[in-house]
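Chains as they are written, first to last, in my numbering: chain A, 3 to 119; chain B, 649 to 763. Below is one structure, written out as structure tokens; the observations come after it.
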């Protein structure tokens, strides 16, 4: 079974631009979460989507948004890019939202490295 | 609020030596605990997880971790380190209910292995 895939792997943008990142979860997984990883702040949760609805949200400004499609693929958008948005953006998928260990194991993709100049 | 502390930012061990990486967590309910490993430029790979039951859990690559509720700890161990274990290790805590399962990560411990 293929793992979580993220595209593109690398991006370079300039301040003020916007960017869209894509994530395809493991087949059969319906939940997708996004995390930002920076040297200063570490790994931080952005949001989680399930059944095309945002179910959980971290403490990020409204410039960060996402969506999920009916095939569970997810996109993350960052508008009006700032230098501090330079980071590795990781996507993780899990089976579903129900509680219990079976549904709570998250599988991570390789990430998209975003550089803002 | 949930939190994870990894007190060691950087650890160096000799190949063949034993390893213990420390992790302390804070969580108001029953936690789910995880250890992930990240090689440079890569995503996160799950080493092992604790949900309930036996407090000593075995993972991949010869790693194990022990959950100690009284100490709020979930330390990662390996009896004999290999040079390929050099990487960054993250401890994470998540909730046991579906919508509370976002992961909170520690700041990571970078492991260097000397030959």
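Even for Gly, the Cβ is constructed at its ideal location relative to N, Cα and C.
Could you work out which residue in the options is closest to residue i when comparing CA atoms only?
| i | options | result |
| --- | --- | --- |
| residue 721 of chain B | B:649, B:680, B:660 and B:736 | B:680 |
| residue 116 of chain A | A:84, A:109, A:97 and A:110 | A:84 |
| residue 43 of chain A | B:759, B:763, B:762 and B:753 | B:753 |
| residue 696 of chain B | B:736, B:689 and B:707 | B:707 |
| residue 72 of chain A | A:17, A:118, A:10 and A:31 | A:31 |
Between which two residues does the beta strand (DSSP E) carrying residue i extend?
| i | result |
| --- | --- |
| residue 659 of chain B | 658 to 662 |
| residue 59 of chain A | 55 to 59 |
| residue 723 of chain B | 721 to 726 |
| residue 39 of chain A | 33 to 40 |
| residue 668 of chain B | 667 to 669 |
| residue 66 of chain A | 66 to 70 |
| residue 5 of chain A | Careful: residue 5 of chain A lies outside any beta strand (DSSP E) and carries neither H nor E. |
Is the Cβ-Cβ distance between residue i and residue j less than 7 angstroms?
| i | j | result |
| --- | --- | --- |
| residue 652 of chain B | residue 741 of chain B | yes |
| residue 95 of chain A | residue 14 of chain A | no |
| residue 80 of chain A | residue 34 of chain A | no |
| residue 656 of chain B | residue 757 of chain B | yes |
| residue 110 of chain A | residue 689 of chain B | no |
| residue 734 of chain B | residue 760 of chain B | yes |
Please state the DSSP three-state secondary structure of residue i.
| i | result |
| --- | --- |
| residue 14 of chain A | strand |
| residue 48 of chain A | strand |
| residue 85 of chain A | helix |
Between the region 81 to 91 of chain A and the region 36 to 52 of chain A, do three or more beta carbon pairs fall short of 8 angstroms? Segments in contact, yes.
Does the pairing of the region 55 to 73 of chain A with the region 5 to 13 of chain A give three or more beta-carbon distances under 8 angstroms? no
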